[in-house]
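Number of protein chains: 2
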Amino acid sequence: MDTPAPRRRMRADARRNYERLLAEAATAFAEHGADFSLEEIARRAGVANGTLYGHFPTRRALLEALLGDRMRALAANGADLLDHPSPFDGLAVWARTAMSHAATYRGLGTAFMQAVQDETAELHTACQAVLSVAEDLVARGRAAGAVRQDVTAPDLYALINAAAWAGEQGSAPQGERLLAFGLDGFRTPS
Amino acid sequence: MDTPAPRRRMRADARRNYERLLAEAATAFAEHGADFSLEEIARRAGVANGTLYGHFPTRRALLEALLGDRMRALAANGADLLDHPSPFDGLAVWARTAMSHAATYRGLGTAFMQAVQDETAELHTACQAVLSVAEDLVARGRAAGAVRQDVTAPDLYALINAAAWAGEQGSAPQGERLLAFGLDGFRTPS
DNA sequence: ACCTGAACACCGTTCAAGT
DNA sequence: ACCTGAACACCGTTCAAGT
Numbered sequence: 001m002d003t004p005a006p007r008r009r010m011r012a013d014a015r016r017n018y019e020r021l022l023a024e025a026a027t028a029f030a031e032h033g034a035d036f037s038l039e040e041i042a043r044r045a046g047v048a049n050g051t052l053y054g055h056f057p058t059r060r061a062l063l064e065a066l067l068g069d070r071m072r073a074l075a076a077n078g079a080d081l082l083d084h085p086s087p088f089d090g091l092a093v094w095a096r097t098a099m100s101h102a103a104t105y106r107g108l109g110t111a112f113m114q115a116v117q118d119e120t121a122e123l124h125t126a127c128q129a130v131l132s133v134a135e136d137l138v139a140r141g142r143a144a145g146a147v148r149q150d151v152t153a154p155d156l157y158a159l160i161n162a163a164a165w166a167g168e169q170g171s172a173p174q175g176e177r178l179l180a181f182g183l184d185g186f187r188t189p190s
Numbered sequence: 001m002d003t004p005a006p007r008r009r010m011r012a013d014a015r016r017n018y019e020r021l022l023a024e025a026a027t028a029f030a031e032h033g034a035d036f037s038l039e040e041i042a043r044r045a046g047v048a049n050g051t052l053y054g055h056f057p058t059r060r061a062l063l064e065a066l067l068g069d070r071m072r073a074l075a076a077n078g079a080d081l082l083d084h085p086s087p088f089d090g091l092a093v094w095a096r097t098a099m100s101h102a103a104t105y106r107g108l109g110t111a112f113m114q115a116v117q118d119e120t121a122e123l124h125t126a127c128q129a130v131l132s133v134a135e136d137l138v139a140r141g142r143a144a145g146a147v148r149q150d151v152t153a154p155d156l157y158a159l160i161n162a163a164a165w166a167g168e169q170g171s172a173p174q175g176e177r178l179l180a181f182g183l184d185g186f187r188t189p190s
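If you read the sequences in order, they're chains R and X.
For the first sequence, position 134 (counting from the first letter as 1) is numbered 134 according to UniProt numbering, and the numbering increases by one without interruption.
For the second sequence, position 31 (counting from the first letter as 1) is numbered 31 according to UniProt numbering, and the numbering increases by one without interruption.
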């Protein structure tokens, strides 16, 4: 149901290769991180080297195809949480979701941090959408006096990805702890 | 004055190669990060490939030679700060120093997180010393009621390295902001 | 005791040739 | 329109041969 669909009609064999590549990439990235060898992914998909590059000219394009939809869903989820009774809790709940999303593959935090800055990155639009909803959540928290006035959307974005990164290094709980402490640091002192 | 000295006596040519390799590695890592090609470093040092491996069997050994002394100095600096009039500020000052130290080369945060867990890592002892002083600083803060009871040394260690990581990605100030928010999250709510 | 440089296995990326 | 597989340039690591 959430097989990412290519943008346009494709020949049947092309479509099959496209989907095999995505499937192999998904399991390989999940197991070995987003830096896993593209050559090996092509091999596992039973496809020549150049075929992979034909469909995904860069590793980031492959990541976009794998994660783009989910990132847009994450942005939508954040927009929903603007209705949360507690501005602070709404932000915190979303941040935890975003972090576990960034922990899908090892190395994603780095990819997300770069993509949001690099306008040519395939993931740029999706990351911008996420940053934008972060902005809304932070603004609401500030307006309600629940979040410190000097907290910005890039702060939240960086915290989420840094916590995901820490989870990849040490242990997953370490990432969650870091996120929790950081979020508490965002709080207006009482 | 802080040229790291090899452990034992060496032949004159060996010593020269050793020092050239260290010097080239230092400038290359500073400019391009700690993942820079070892082959290219050997080339710049005017030395054959295998010579580098003779002196530094692994990239981590090279990092240890470059950073070990400074890491031990960092640990000593933390011990001094146990005398700081404010337990919280002492911890915070040290954390900022530690973070700027972890920002010496791009990629160091990752190396430090791995080294502290992997007992076979050349940097393990140095990282343990740093973790140990983090433990002392946190314990003092907790005892004084300035730091939350559930904060641990690994939390502080992870925060420092994650903030350094965030500074490598986005911008350096972003790393400092993250550290500041995280440290505030460590604070006992007033 | 130390250095050299070739050897091996691997990777990303491109591109002419095929169908 | 798409696929193939070779080609190129690069890297980490090891090791026999030299001095």
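Just so you know, even glycine gets a beta-carbon here, dropped at the ideal spot from N, CA and C.
Discussion item. With a threshold of 8 Å on Cβ separation, who are the neighbours of A92(X) within its own chain once the five nearest residues in sequence on each side are excluded?
Written reply: Taking the second sequence and counting its residues from 1, the one referred to as residue 92(X) is at position 92. L183, listed in sequence order.
Discussion item. If I measure Cβ to Cβ from G109(X) and keep anything under 6 Å in the same chain, skipping five residues before and after, which residues do I get?
Written reply: The residue labelled residue 109(X) in the question sits at position 109 within the second sequence. Contacts found: A102, N161, A164, W165.
Fill in: Residues near A115(R) by beta carbon distance below 8 Å, same chain, minus five either side
Here the question's residue 115(R) lines up with position 115 in the first sequence. Excluding sequence neighbours, A115(R) sits near R60, A121, E122, L123, H124, A126, C127.
Worksheet item: Taking just the CA atoms, how far does A158(X) sit from P189(X)?
Response: If you number the second sequence from 1, residue 189(X) lands on position 189. If you number the second sequence from 1, residue 158(X) lands on position 158. Whole-angstrom Cα-Cα distance: 21 Å.
Worksheet item: Which same chain residues, not among the five before or five after L21(X), have their C-beta less than 8 Å away from its C-beta?
Response: Looking up residue 21(X) in the second sequence gives position 21. Closer than 8 Å at the Cβ level, and outside the excluded window around L21(X), lie I41, A42, A45, V47, T51, L52, H55, F56, L62.
Item to complete: Return the CA-CA distance between L131(X) and P154(X), expressed in angstroms with no decimal places.
Response: Walking along the second sequence from the start, residue 131(X) turns up at place 131. Walking along the second sequence from the start, residue 154(X) turns up at place 154. The alpha-carbon atoms of L131(X) and P154(X) are separated by roughly 7 Å.
Worksheet entry | Partner residues on chain R for T104(X), Cβ-Cβ distance less than 9 Å | As a working mapping, residue 104(X) is identified with position 104 in the second sequence. The premise fails here: T104(X) is roughly 18 Å from chain R at the closest Cβ pair, so nothing lies under 9 Å.
Worksheet item: So V133(R) packs on A75(R), CB below 8 Å; how close in whole Å?
Response: Taking the first residue of the first sequence as position 1, residue 133(R) is located at position 133. Taking the first residue of the first sequence as position 1, residue 75(R) is located at position 75. Yes, V133(R) and A75(R) are in contact; Cβ-Cβ is about 5 Å, under 8 Å.
Worksheet item: What are the partner residues of R187(R), as DSSP defines its beta bridges?
Response: Residue 187(R) sits at position 187 when you count from the first residue of the first sequence. Partner(s): V147(R).
Item to complete: Quick one: which unbroken alpha helix (DSSP H) runs of 4-plus residues sit fully inside the region 119 to 164 of chain X? Chain order, please.
Response: Taking only runs of at least 4 residues, the alpha helix (DSSP H) segments lying wholly in the region 119 to 164 of chain X are 124 to 143.
Discussion item. Does the CB of L178(X) have a neighbour CB from chain R at under 8 Å?
Written reply: Working through the second sequence from its first residue, we reach residue 178(X) at position 178. True, the Cβ-Cβ gap to chain R drops below 8 Å.
Fill in: Beta-carbon proximity check, V147(X) vs R96(X), cutoff 8 Å
On the second sequence, residue 147(X) is found 147 positions in, with the first residue counted as 1. On the second sequence, residue 96(X) is found 96 positions in, with the first residue counted as 1. No, Cβ-Cβ distance for V147(X) and R96(X) is not below 8 Å.
Worksheet entry | Residue-chain proximity (L91(X), chain R), Cβ-Cβ < 8 Å | Along the second sequence, one-based indexing puts residue 91(X) at 91. Chain R contact via Cβ: absent.
Worksheet item: What does a CB cutoff of less than 8 Å around H32(R) pick up in its chain, not counting 5 residues either side in sequence?
Response: By one-based count along the first sequence, residue 32(R) stands at place 32. Excluding positions up to five away in sequence, the list reads R106.
Item to complete: Classify Y105(X) as helix, strand or coil using the three-state DSSP reduction.
Response: In the second sequence, residue 105(X) corresponds to position 105, counting from 1. Note: Y105(X) maps to coil in three-state DSSP.
Worksheet item: With C-beta atoms as the reference, is M71(X) less than 8 Å away from A28(X)?
Response: The residue you call residue 71(X) lines up with position 71 of the second sequence. The residue you call residue 28(X) lines up with position 28 of the second sequence. No, the pair does not count as a contact, with Cβ atoms beyond the cut-off.
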